[in-house]
Amino acid sequence: MKRINSIVLFLIVSLISVSFSYTISNKREVMITRHDKDEAEFLKLAKKFEKYICHLNLPDCEGTIVADQWVLSAAHCAVGITQKFENGRKHFVIIDDVEIEVDKVIMYKEWDDPQADNSLLKDIALLHLKTKPIDAMQAKLYVDEDEVDKLVYMVGRGNKGDGLIGINGNDGKQRGATNRIETATKNWLTWTFDHPDTQTKYLTEFEGISGPGDSGGPAFIVKNNTVYLAGISSWQDTKGGDEGLYGVVENYTRVSQYIQWINEEMTGNGNVSEAILRVEPKPDATVYEPKIISVNADTLKKYVGEYEISGNIMRVHTKENDTKIYLFVSEGQEYEFVPTGEHEFSSEILEGYKLEFKNEKNGVFKKLIIIQPDVTYELTRK
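According to the working numbering, the stretch in the sequence shown is residues 35 to 416, in order.
Written as C-alpha cells, this is what we have:
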C-alpha cells in the first residue's frame with residue numbers, strides 16, 4: 035500500500051497515478067450523489083449545515099467547528115498545516131468566507147511517518163484558531179456508541195457526480211448528502227453508497243458519499259434538532275472498482291472513540307505523551323504570497339492544451355478574462371496557478387509547486403515541467 039504523509043504528497047500522487055488515494059484500491063472519497071434526484075436538493079441540504087463547516091484551504095479539505103476556537107478534522111489533512119509551520123509559514127482556514135489563522139495543530143505522532151496500512155491509523159486532528167469565528171455554529175460531539183443504523187448528513191464542496199458515472203468535475207459548490215451507518219468498529223464508521231433500486235434498509239432519500247476536497251469533513255447525526263459530529267471523512271473502499279460508483283464503502287473516523295482525548299486537549303489537560311504531536315507556527319512565521327506578474331491573453335493561449343506523462347493526460351486551460359491557468363488532472367482534480375515568471379506559474383496556496391513551459395514551436399509550447407518540493411516531472415504535449 036502507498037504511504038500518504040501530507041496533503042502535498044496527495045497532489046503528487048494525483049498528478050502521476052491515482053487521484054488523492056490512500057492505496058490503489060482504497061481511495062479517498064468523492065462528493066457523489068444518487069442519480070435520480072435533482073441536484074438542487076443536495077445544494078439545499080448543504081445550506082442547513084454550512085455554519086458548522088471550516089474549509090481547511092490546503093487547497094481543499096474540511097473540518098467542523100466544535101468549540102469557540104476549535105476545529106476537528108482529519109490528520110491526513112492537518113499534516114499539511116504542520117508542514118507549513120515547520121517551513122516557517124502561517125496557515126489560514128476559511129470560515130464563512132473569512133480567513134482565520136491557525137495557531138496550533140494537535141494529532142497523533144504516528145502521522146509523522148505513516149505505516150503502510152493507513153487504515154490502522156487514528157485519522158483525527160484538532161486545530162486551534164487564533165480568533166473565534168464570527169457567526170459560526172458549533173456541533174456537539176456524539177458521545178454515545180449507538181451509531182449503527184443512524185442517519186448521517188455529509189457536507190462538502192468536493193467533486194460532483196453521481197453513482198452511475200462517478201466523478202464529474204468540480205464547480206466549487208457546497209453539497210450535502212445522506213447515508214445510514216452500517217458498522218461501527220474501534221476506529222471507523224462505515225456505510226455503503228446504495229443504488230436507488232437496492233432493496234436495503236440503509237438506502238436514504240438523499241443518498242451520497244463525500245469527495246476529493248471533502249476529506250476531514252463531517253458526518254452529522256441530528257437528534258432533537260441538535261447537530262452532533264459523529265464521523266470525520268477519511269477514506270473510501272472502492273471494492274476493486276472505480277471511485278464514486280454505487281457499491282463503494284465510506285470509512286469515517288469514529289468520533290465517539292476519541293471523546294476523552296478531544297476534551298482533554300481542548301481544555302489544555304492532554305497527557306504529556308510521545309504519541310501526541312502538538313505543533314505551533316514559528317514566532318517569525320510569514321505568509322506565503324507569490325509575486326504575480328502580468329501575462330497577456332495571446333501568451334496564455336500558447337500554454338493551453340493536453341500534456342501526457344506515463345499514459346496519463348493532464349489539461350492546461352484558462353478561463354474568460356482570467357490571467358491564471360488551470361491544471362486539470364485525473365478524476366476531476368483542477369489546480370490553479372498564477373504567473374510568476376517568464377513561462378512560469380506558481381500555486382497560490384502550495385508553496386514550491388510550479389509549472390514551467392518549454393520548447394515553443396509554431397505558437398505553442400511542447401513541454402510542461404511540473405516542479406514540486408522533492409520531484410520534477412516532464413510532460414509532452416499531445
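Note that the Cβ used here is the ideal one computed from N, Cα and C, for glycine as well.
- Following the DSSP letters along the chain, one finds E340 inside the beta strand (DSSP E) bounded by residues G339 to I343.
- M300: member of the alpha helix (DSSP H) spanning I293 to M300, first to last residue.
- Every beta strand (DSSP E) of 3 residues or more that sits fully in the segment 304 to 360 is shown, in chain order, as 310 to 313, 339 to 343 and 346 to 351.
- For G265, the secondary structure class from DSSP, reduced to helix, strand or coil, is strand.
- Judged by pairs of C-beta atoms under 8 Å, the segment 140 to 150 does not touch the segment 166 to 175, as fewer than three such pairs exist.
- Around the beta-carbon of L79, 16 or more other beta-carbon atoms lie within 10 Å, marking it buried.
- Following the DSSP letters along the chain, one finds A112 in no beta strand (DSSP E) but inside the alpha helix (DSSP H) bounded by residues A109 to E120.
- It is roughly 16 Å from the alpha-carbon of D271 to the alpha-carbon of L155.
- In this model, N297 and D169 are separated by some 23 Å (Cα to Cα).
- Every beta strand (DSSP E) stretch that sits fully inside the segment 210 to 261 and reaches 3 residues is listed by chain position as 222 to 226, 242 to 245 and 252 to 257.
- Boundaries of the alpha helix (DSSP H) around K78: E73 to K81.
- Exclusion of the five residues before and after K138 leaves H162 and E314 as the residues of its chain whose Cβ lies within less than 6 Å of its Cβ.
- Taking all protein chains shown into account, V321 has fewer than 16 neighbouring C-beta atoms within 10 Å of its C-beta and is therefore exposed.
- Beta-bridge partners assigned by DSSP to I158: none are found.
- Considering only V306, S290 and F254, the residue with the shortest C-alpha distance to L185 is F254.
- If you check the CB distance, V350 and I359 come in under 8 Å.
- Counting the other CB atoms within 10 Å of its CB gives Q117 a total of 16 or more, which places it among the buried residues.
- Closest option to K335, judged by alpha-carbon separation, among V283, F399 and G345: F399.
- N285: member of the beta strand (DSSP E) spanning V283 to R288, first to last residue.
- Note on Q294: under 16 other CB atoms within 10 angstroms of its CB, so exposed under the neighbour-count rule.
- Taking the Cα positions, K124 is about 12 Å away from G114.
- Setting aside the 5 residues that flank it on each side, T414 is surrounded in the same chain by E342, each with a C-beta closer than 6 Å to its C-beta; the list follows chain order.
- A direct Cα-to-Cα measurement between V282 and Y236 gives close to 14 Å.
- The alpha-carbon separation between H229 and F240 amounts to approximately 11 Å.
- Between the alpha carbons of G190 and K395 lies a distance of about 42 Å.
- By the Cβ neighbour-count rule, Q208 is buried, with 16 or more other Cβ atoms within 10 Å of its own.
- Going by beta carbons, I215 and E181 fall inside the 8 Å limit.
- A straight-line Cα-Cα distance of about 18 Å links D178 and N285.
- Beta-bridge partners assigned by DSSP to M188: A211 and A253.
- With a cutoff of 8 Å on beta-carbon distance, E135 and K166 are scored as not near each other.
- Note on P317: under 16 other CB atoms within 10 angstroms of its CB, so exposed under the neighbour-count rule.
- In summary, T410 is exposed, with fewer than 16 beta-carbon neighbours lying within 10 Å of its beta-carbon over all protein chains present.
- With a cutoff of 8 Å on beta-carbon distance, W222 and L160 are scored as not near each other.
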